[in-house]
Structures are given as structure tokens and as C-alpha cells.
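Visitor: This is the structure, below, for whatever I ask next.
Number of protein chains: 2
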Amino acid sequence: MTHATTVWQANRSGGLTGAEALIETSLAAGVDVCFANPGTTEMPLVAALDSVAGTRAVLGLFEGVCTGAADGYARIAGRPAMTLLHLGPGFANGIANLHNARRAHSPVFNVIGDHASWHLVHDAPLTSDIVSLASPVSGWVGTAASGAGLAQLTARAIAAATAPPGCGATLIAPADFQQEVLTAPVDVELPDTRLRREVAAEVIDPIAERLRAGERAVLLLGGAALDERGQRAAARIAAATGAVLYSETFPAAAERGGGLPDLDRLPYFPEKAVEALAKAQLVVLAGALEPVSYFGYEGIPSLLAPPGTVEVLSTPEEDGALALEVLADRLGAPEPAARPRPDDEGLPDGALTPQAVGRIVSAMLPEHAIVSVEGGTCGYPFFTASSRAARHTALTNTGGAIGQGLPAAVGAAIAAPGRKVVALQSDGSAQYTIQSLWTMAREQLPVVTLIASNRAYNVLRTELGRHGQSRPGPNATALTSLDGPAFDWPALARGYGVPGTRVETGEALRRELGRALAADGPQLIEMAL
Amino acid sequence: MTHATTVWQANRSGGLTGAEALIETSLAAGVDVCFANPGTTEMPLVAALDSVAGTRAVLGLFEGVCTGAADGYARIAGRPAMTLLHLGPGFANGIANLHNARRAHSPVFNVIGDHASWHLVHDAPLTSDIVSLASPVSGWVGTAASGAGLAQLTARAIAAATAPPGCGATLIAPADFQQEVLTAPVDVELPDTRLRREVAAEVIDPIAERLRAGERAVLLLGGAALDERGQRAAARIAAATGAVLYSETFPAAAERGGGLPDLDRLPYFPEKAVEALAKAQLVVLAGALEPVSYFGYEGIPSLLAPPGTVEVLSTPEEDGALALEVLADRLGAPEPAARPRPDDEGLPDGALTPQAVGRIVSAMLPEHAIVSVEGGTCGYPFFTASSRAARHTALTNTGGAIGQGLPAAVGAAIAAPGRKVVALQSDGSAQYTIQSLWTMAREQLPVVTLIASNRAYNVLRTELGRHGQSRPGPNATALTSLDGPAFDWPALARGYGVPGTRVETGEALRRELGRALAADGPQLIEMAL
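Chains A and B, in that order, give the protein sequences. Each residue of the first sequence is one higher than the one before, starting from 1 at the first, in this note's numbering. Each residue of the second sequence is one higher than the one before, starting from 1001 at the first, in this note's numbering.
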């Protein structure tokens, strides 16, 4: 990893403020989108977003919208956006989606304004321990101690965030240093393009040997290995050796459809996952972590692969796609024949079911769409159907912090102008960051939000059943039901400036989805299940 | 402080689970309301909320609703509610309002489910450093290490939370210990009623001396000293000595109106606060902390009172009302004559202004209403007008974390059945926890939400002006404006099942507020400014 050293200096009469130096450095490092919900202690930075040209500032009404958008942006753009958040409590509202970003290995650059350094000791009402809040979701945390330090630490934070596999980096920017007028040039070290490490032959060869020897193998792809190259190489290996392919259960961004391999996700519930891996003698990880149970259940192992079967072909830091290609070459595996896209057997009419939604959305996806999937109700059926869809990129909730899908759709749309975004979203999880709809409306983003409306936290009903509560009592019913009252989704959408409608049948979904995909700005469709 | 020791034991065949032991202990300590947004790792606790009778479980669609409601509940009920939140990310969504609760000295008992203890080492997707997240907003954090430990630590957490001045206490409850079936009785130490410490004569007498000697004094009341007794005693002192009375700027819960003293709040902006205190030779703190500037501004001192003038009559831990009574007695101060409630000079018609809103809402408040105030636009004018209102309790945003007003209204309504609650709320801040409206609808709470709709983060416009940005550029304009699109508040309310309407004039506000106050369940009125 090398760094380009750049001398950066004040470039206008009257000098640059620390806030302006931060923004100039950020732009020089290629960060030009800022998802912001600022307050008083960020006003110099807000002013600097105008005095230094080049950053697109996008307002979120709630901080979780900003951090989730930065995650979605990073997954599609492959580089960080900035978030600008207000002190400890404002940052805290963004933690849940930074948790997801951390699990997605998304590079995110967080800037938090803090009180003036000399004011902190007085413990004013908004003072809090920001480092303690930021550390669990940041690979790097730093606090600037001068105006020049804001520029230097900006470069360091962005370098930390963008080094593979990517992480959140959080810079705390005291208000006085934002305002400080710099009197001398500042040297900063800008991060170079960070390449993923190549996997050594000593790692690849023994795996090739075991595959050649006919061991029953599973290839589990994750992270960057889920791009087109990685998947095509994995398909060669599978065709040559009979290895079974899986994608990690919650990929950050997976290319899907358009003739790519029909890559199932490893099942979510541990019994099914254990079953899927039970016969393997060799479980090869390419960019994926060792599969573990999402939750711990009495009597079910945390580690899902049979003991002693796991071999790491590539870590998330490494170039997994290249490693898979080298492995396929070692095996002399030819390109498998292209899979013809099957004729559609006709789309389902009548009352909507999750399966019908999965098939209809898959069939109607425009080429190169981005699909942000949150919630199991329609998410799993969509994945079942969508390997036959047009080429698209699927984003999932990597960390399990709810309220990720709509903000990620916002960020993805900003990262990829010209691509349609579909947010396939469960009703319960949509509520955590519902304010995303307003940012879609303000920025006129081409996002079609599909709400799977079953008026329940269905996954919790299932989990209650696992705890022997097949007939939940009144409190458990109240805590897992979203009825009484049911949401009026078209009204909520309209409240935020997004045209919304409600459908109950396959015919209506096809008609409204066609109309929504043809529209320019955001649209919402409540799918009553 | 004494503790009652109670032997608690399994009371049904088959034994009690750790989760049931937690709920039984919590009920025995007087905690019988649970604001919850649970997930998989809290399912045994959710089941226990039914198998152990006596807790009212209230669902919030977002965790900040739950924690803000627990804060509002504590302010009115004077005792903790439980929050039940899901792992680190779910808890993180509740941090902002726990920050406010901490600044309000509200007793709050947080329960966070965590992974099964034996599963943690595998770093499953939802694993995070919960202690690091919880510590900044908790006076006490503990992790149970057994099923019996859940009961014991519940008692200890509630004791910590309820010891004056009150704090948040956070119990981390691993899922396996929630499920563990207890085989032997468990002893727990239940907290006794915690009395505030009495203030010693050695503290009171020197202050009495200086007041008698004619020093120009300001009495700054805060915390529990803002109850009726404290205010009446302070009014006696003021009448006898000429001392000027102020309330802290953001009281947790202040009794107002109905003939109580006309107690101004110390001004928010530091220049005004410095001016208010400039002539004082003695600034007496009764339950209030030393006043500090809300933010640090270049050239303005952080400490607002003249150096050397501050004397502490009572800390937030102490019985400030009693101290004020003793001080008034020392001074031989008689009861001042009751202030007649002035005739209303007629309420304003025509286009709504913040001043008109303040006067109309004050005049129409029903007896013993609770008013949850968040946002400056109508908040300050309401305080100016409301000393002449009927007796009511005013709640304010103590910690500056935005999104506090609507959840606090939810909690206050649940704490005080039979009292009307008015949430006087700015549009920008309402968006952070907008999901509160749904809980109001589900629980059919008598909350009238009044939205001060000016379609801007006006306080930030003011702050930009303080940074010399009297004409904000395009990014600063975008980041401080809520137009483009404007919210449709009646639609948002309807989306959550709350009847909503919009008014533009004083006549219309009087008519709609009268109708809303007469209704049974929640209502929302958008006040277009």
C-alpha cells in the first residue's frame, strides 16, 4: 500500500478555515457526496460545503437515513461518502446502520461536530462520550486537535476507511478548530487506490489438490468475490468438480441474473444451513467468513460447517475473484455453457403472496437495476426467483440492524445515476427509517419502494414458535403485531411527497409496478399480503 | 438508604425461567410498564411478559420512541419504566433519548437481550460492543451471568436507577440465561423508597445571611425544586429579599400556571443569559446545575454567572424544595399574596404567529394538562404566555438530543391516565421519532400534537447567521430547509391512524384545538406558520 504525498495549501485570500481544509482534503481524496443531518456544532462545515465547491450535500431528516445511505453509496460506488452528524446523540442515531456498514465492509467517512474544545470541560447538555459511542462501529476514530489536524486526520480517516476490506472511520471535529483560520500550508497524505491483496499460490494449490481428488466441496462466496468475475470463475469450478456453490446469506452487493450462475444464499435458519453443508468434506471460503448461526439456539451448533472442513481461499481483504479464477485455471475448468434465460411461465394473478411478489418483481426488473432487499417476507421468495431476472445488483442487510433497506436505496440511487432502484421492503423494518422517503422525494431519486405489508413482525412470530409459544399471549401478540391500527402506506408516502398506491392482486402489482418503473422520481406501492 | 431484603422464589410447577425471574423482580420493585421493541434475543422475555402477569407492554416502532417514552413516564410517575431493546443496534437507536433522560435525571431501567453467552465468541452479524454503547447514557451497566443473576441484577439496576437524582441503568440479558430454568430460590435486594437527602443547616444559613444582608441575588431552580412546594418557597424568598427567580432553561418537569410564580426560564442564548445574571452578587442554585452556555461561542464565557457568585443550596440529589422552605423560614418570609389570574385580553385572530400560538395554547390548556415542549419556534412564546395558564406540568428537552417531545408525550400519557397531554412540537424535530404517532393511536392516548410547521431548521438558520452566513449558499440552504417537498402532516398522521388537520389562522387553531381537546384519543394539528 503506497500513499501519494500531496502538499495542500490555502488557496484563497484570507486563508482557509479548518472546516474548509477538511472539505478540500475530502474532495482531493475523491469523497464528494455528504449525507448530512447537521446541528449547531457543524455550522462551519455546512458553510464550508458552499465556500469549497464540489460536494453534493444531501439532507436526511434522521441520522440513520444518512449512515444507511452512505453504506448503500459505498456498496455501489466502491468509495466512501461523508456523513455529517451532530454530536454524540446525533451520531448515536446513525449507529445502527453503521453497524450494517461495518458488516458490509463498506468504506464510510463519518464527521461529527463536537463542542469547542475549551467548552467540553463544562459538560454542557449535549456533551457525551463520543469515542465510546463511535468505537463499536468504527475501524478508526480520531479527534482533531487543531484546524490543520482536521485536514490531516481527514486524509488518515479516508485512508483507513478505504483500505480493503473497508470500514467506517469517524473523525470528531471540535467546533473551534472548524472555525480556526489556517495561516500556513498543511501537508496531507492522500490514500492511493487500494488494491486487494493477491492470494498466494501456497493457499490456492492445496485447495485445488483436494478438489481434484474428488472431495465433496461447497464453495461459499462473499464480499467482493460476488462480482461477475468471481461468480463466473466459481461456476467453472462447480461444473468441473461438482462443488456446490452458495452465496453468503446476507451479501453486501451481489451481482445477480442475466445469465450469472444460479447462486443460492446459504439458508438463514441454522438447521437448514447445517443440512446444506452436512455432506461437505471441504467448505471453501472465497471472501466469505466462516458461516455461523445468526442467533444461538439451544442444541444447535454455532458453527454451521462440519468440524475440520473449512478452508479459506480468500479473506475479505483479498482479491477473491482473482483467486477463484486462478483456482479454476489450476483445475483446467472450461467455461460452462451459457444458461439460457428460461421463458417466463406466466406471472401469477389473484391475491398476492410473497412468492407471487418474488416472481413478478424478478420478471419486471429493468436491466441493471439495483434491488435493496430488507425483510424476509418477500426477500427470500425474490431471491428464489431472481436468478432468472435481468442483470441486477442485490443489496441485503448485512448486519441485522433494522431500517437499512430504504436508506441504502437512497445511497445506491445517488451512487448510480441512470440505474433504477427497487427497495423491496418489509413493513415493520421500513418504519425504523421511514424518513428516507422524504430524501427520495427531495432528490427526485428513481426509487420504487415496494412495501410487503403483512402488518406483523412475522419473523418474531416464528421465533416465538421456536420458544414453544405457538399461541402468543396478549403482550406477545401486541409486541409482534402491526395491526391496530394498520399503517396507511399511501398516506405516509404522500406525507413525504412520494406518490403512493396500494395493490392486493398480481394484476394490480404488475400494472402499478410497470407505471412506477416508467416514472421519473420516487414511487411507493403497498403490497397487501 | 436502606434496602428491604426479600426472598424471591419459583412459584409455579416446573420452575421459573430467568426471563420470568427478571419480570417478577421488576414487578416487585414497582416497575410495571415496559416500552418495547424486541427481537429474537428477547423472545423469552416477551413470553415472560405474559406468563408473569402485571406488566403493561407498549410497542414502539422505533427504539427512540421507547426510550423517550420511558423518560417522559419517569418524569411524571417519578419511577422507572422498563425498556426492552434488541441487542447493540436496537439499543443504539434508543441512545439519543436516553441522553435526554440522563440530563433529566430520569430513572429508566433498560433491558437489552444479547446473544446466548456461548454464541458471542463467534461474532455473529448482530454481535457488537453493547457496554461501550450503553456506558455514555447509563449510570449503571451490568451483564447477567446466570438466570438467577438476571433477577439479582434487575434489583440492583432498579436500585441504581431510582437512587436520587435518578439515572439510566442498563441490564444486558444473554438469551441463554433468559431461558434457563431456575431450580432454587433466589434472594434479591429490592430498593426501598429512596428519599432525597436533606440539606444541612450549615449550607442554608450562610446563604440566608447573605440574602438578609441585601446582596443582589438570583435563585435558579431546577430538578425536583421545580415542584409546587419549591416554587412557592422561592416566591416567598423573592418577595422578602428582592431576589430574582429563574428556572433552569430546560427543566425535566416544571409545575406552571394556576397561580404559581411567574418563573422565567434562564435565556437559551448565552449573551442573554449573561445579561440576566450580570448584576447578581449571589447566584443560588436549588436543584439546578451551574448555568453553562449551551454551545461554546468564541468570545463568550462558558460559565454564565459572574465569577465567584455561585452558591449551591441543593444539588439534584437533595431535597431542594425543603431547603427552599427552610431558607424562606430563616428569612421570616411570609406567603406572598396570591396572584390573580389576569383576564384574557382576547385571543389573536388572523395569520398564525408563534406568539399567537403561545397565547392560544396557554389560554385553552385544560386543568392539570401535561405539555411536552420541543423546538424553539413556539416553545419560547408558549413559556412566555403560559405562566398565566391553568395549572399544568411542562416537560422540555433536557439534553438537546432531538426527537424527544413526541415520545415523552407518549410516556407521560401512560404515566397519568386522565390527564390531557399536549405535545407542542417543531416540525423538524418531530421527524426524528415520528413513529410515536402510531403508539399514540394504538394505545388511544389523549395526546394532542401541535406541529409548528415553518418548514425549516430555523435554529440552524440563526446559528448560520452567528457564523456570518446571513445569506446561506445552496448547500447550506438545502441543509437547513424542510421545503421541497413540504411535509403533508395530516397525511402523515392519517398514515399512523391519528386524525389530523391543518390550520393557518388563530380562529382555526382555537376551533380545532377545542375539538381535539374534547376528543378521546390522539389528534394532530399542523399549525402553518
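Here a beta-carbon is modelled for each residue, glycine too, at the ideal position from N, C-alpha and C.
Quick check: GLY1274 (chain B) and LEU1304 (chain B), are their CB atoms within less than 8 Å of each other?
Guide: The question names Gly, but residue 1274 (chain B) in the sequence shown is Val. Closer than 8 Å, so yes.
Visitor: Can you tell me whether VAL121 (chain A) is buried or exposed, with buried defined as 16 or more other CB within 10 angstroms of its CB?
Guide: Counting Cβ neighbours within 10 Å, VAL121 (chain A) comes out exposed, since fewer than 16 surround it.
Visitor: In the DSSP assignment, what are the bridge partners of ALA1217 (chain B)?
Guide: ALA1217 (chain B) is bridged to B:LEU1282.
Visitor: Please classify ARG1471 (chain B) as buried or exposed, where buried requires at least 16 neighbouring CB atoms within 10 angstroms.
Guide: Burial call: exposed.
Visitor: Using the rule of at least 16 other Cβ atoms within 10 Å of the residue's Cβ for burial, across every protein chain shown, is TRP118 (chain A) buried or exposed?
Guide: Exposed, because fewer than 16 other Cβ atoms sit within 10 Å of the Cβ of TRP118 (chain A).
Visitor: Report the residue from B:THR1398, B:PRO1080, B:MET1082, B:PHE1177 whose alpha carbon sits nearest the alpha carbon of ALA1104 (chain B).
Guide: Of the candidates B:THR1398, B:PRO1080, B:MET1082, B:PHE1177, the one whose C-alpha sits nearest the C-alpha of ALA1104 (chain B) is B:THR1398.
Visitor: So that I know if they touch, is there some Cβ in chain B lying closer than 8 Å to that of ALA328 (chain A)?
Guide: ALA328 (chain A) does not count as touching chain B.
Visitor: GLY1257 (chain B) to ALA1389 (chain B), Cα distance in whole Å?
Guide: C-alpha separation (whole angstroms): 5 Å.
Visitor: Along the chain, where does the alpha helix (DSSP H) that runs through PRO1499 (chain B) open and close?
Guide: It is not in any alpha helix (DSSP H) - PRO1499 (chain B) carries neither H nor E in the DSSP assignment.
Visitor: Identify each residue in the stretch 57-70 of chain A for which the Cβ-Cβ distance to at least one residue of chain B is less than 9 Å, and report them in chain order.
Guide: Here the close residues are ALA57, VAL58, LEU59, LEU61, PHE62, GLU63, GLY64.
Visitor: List, in chain order, every chain A residue whose beta-carbon is nearer than 8 Å to that of PRO1038 (chain B).
Guide: The answer, in chain order, is LEU460, LEU479.
Visitor: Under the rule that 16 or more other beta-carbon atoms within 10 Å means buried, what is GLN9 (chain A), buried or exposed?
Guide: Residue placement at GLN9 (chain A) cannot be trusted, given a pLDDT of 48 that sits under 50; what the coordinates show is reported in the next sentence. So GLN9 (chain A) ends up on the exposed side.
Visitor: Which residues of the stretch 40-52 of chain A have a Cβ closer than 8 Å to any Cβ of chain B? Give them in chain order.
Guide: So the close ones are THR40, THR41, MET43, PRO44, VAL46, ALA47, LEU49, ASP50, SER51.
Visitor: Going along chain B in order, which residues have a C-beta closer than 8 Å to the C-beta of SER293 (chain A)?
Guide: What SER293 (chain A) touches in chain B: HIS1119, HIS1122, ALA1124.
Visitor: Give me the subset of the stretch 152-177 of chain A whose CB atoms are less than 8 Å from a CB atom of chain B, sorted by chain position.
Guide: Going along the stretch 152-177 of chain A in chain order, one finds ALA175, ASP176 with a Cβ nearer than 8 Å to chain B.
Visitor: Specify, as a first and last residue, the run of the beta strand (DSSP E) that SER26 (chain A) falls within.
Guide: Counting along the chain, SER26 (chain A) falls outside any beta strand (DSSP E), though it belongs to the alpha helix (DSSP H) covering 18-28.
Visitor: If we ignore side chains and look at the alpha-carbon of each, how far apart do MET1164 (chain B) and ALA1157 (chain B) end up?
Guide: A small correction: the amino acid at residue 1164 (chain B) is Pro; Met does not occupy that position in the sequence shown. C-alpha separation (whole angstroms): 13 Å.
Visitor: Can you have a look at ARG1054 (chain B) and say buried or exposed, based on whether 16 or more other CB atoms are within 10 angstroms of its CB?
Guide: The residue asked about is misnamed: residue 1054 (chain B) is Gly in this sequence, not Arg. Classification for GLY1054 (chain B): exposed.
Visitor: What does a CB cutoff of less than 7 Å around VAL1131 (chain B) pick up in its chain, not counting 5 residues either side in sequence?
Guide: Taken in chain order, the residues that qualify are VAL1141.
Visitor: I'd like the ranges of any beta strand (DSSP E) spanning at least 3 consecutive residues and lying wholly in the stretch 369-417 of chain A.
Guide: Counting only runs of 3 or more, we get 369-374, 392-396.
Visitor: For the pair the stretch 304-313 of chain A and the stretch 263-282 of chain A, tell me if three or more CB-CB distances fall below 8 Å.
Guide: Contact between the stretch 304-313 of chain A and the stretch 263-282 of chain A is present, because at least three Cβ pairs lie under 8 Å.
Visitor: Determine the chain A residues that contact GLU1298 (chain B) at a beta-carbon separation under 8 Å, and present them in chain order.
Guide: Here the neighbours are ALA116, ASP176, GLN179.
Visitor: Taking the C-alpha atoms as reference points, what is the distance between GLN1431 (chain B) and ILE1414 (chain B)?
Guide: In a straight line, the C-alpha of GLN1431 (chain B) is about 22 Å away from that of ILE1414 (chain B).
Visitor: Quick one: Cα of THR241 (chain A) to Cα of GLY332 (chain A), how far?
Guide: The alpha-carbon atoms of THR241 (chain A) and GLY332 (chain A) are separated by roughly 10 Å.
Visitor: Take SER426 (chain A) and list the residues in its own chain whose beta-carbon comes closer than 6 Å to its own, dropping the five residues that flank it on each side.
Guide: Same-chain partners within the cutoff: GLY375, THR377, ALA452.
Visitor: Within a Cβ cutoff of 7 Å, which residues of the same chain sit near VAL1007 (chain B), ignoring the five residues on either side of it in sequence?
Guide: Residue placement at VAL1007 (chain B) is flagged as unreliable, the pLDDT there being 43, under the threshold of 50; the coordinate-derived value follows with that caveat. The answer, listed in chain order, is PRO1185, ASP1187.
Visitor: Against chain B, does ASP520 (chain A) count as a neighbour if the rule is that its beta carbon must be under 8 Å from one of theirs?
Guide: Not one chain B Cβ lies under 8 Å of ASP520 (chain A).
Visitor: Helix, strand or coil, according to DSSP, for TYR246 (chain A) in the structure here?
Guide: Strand.
Visitor: Among the candidates B:ARG1236, B:LEU1260, B:LEU1322, whose CA atom is the shortest distance from the CA of PRO1334 (chain B)?
Guide: Closest option to PRO1334 (chain B), Cα to Cα, is B:ARG1236.
Visitor: Measure from the alpha carbon of VAL1357 (chain B) to the alpha carbon of each residue in B:PRO1366, B:ALA1385, B:GLU1345, B:SER1372, then state which is nearest.
Guide: Answer by Cα proximity: B:ALA1385.
Visitor: How far does the alpha helix (DSSP H) with TRP140 (chain A) in it extend, from its first residue to its last?
Guide: Counting along the chain, TRP140 (chain A) falls outside any alpha helix (DSSP H), though it belongs to the beta strand (DSSP E) covering 140-143.
Visitor: Using the three-state DSSP reduction, which class does ASP187 (chain A) fall into: helix, strand or coil?
Guide: DSSP places ASP187 (chain A) in strand when its eight states are reduced to three.
Visitor: Is it buried or exposed for GLU345 (chain A), if we count other Cβ within 10 angstroms and need 16 for buried?
Guide: Classification for GLU345 (chain A): exposed.
Visitor: Sort out for me which residues DSSP pairs ARG1056 (chain B) with in a bridge.
Guide: According to DSSP, ARG1056 (chain B) bridges with B:VAL1033.
Visitor: What is the DSSP secondary structure of GLY555 (chain A), counted as helix, strand or coil?
Guide: Nothing in the structure corresponds to residue 555 (chain A), since chain A is present only between 1 and 529.
Visitor: Express the C-alpha separation of ILE112 (chain A) and MET1 (chain A) in angstroms, rounding to a whole number.
Guide: Legend: pLDDT at MET1 (chain A) = 40, less than 50; position of this residue unreliable, no value from coordinates given.
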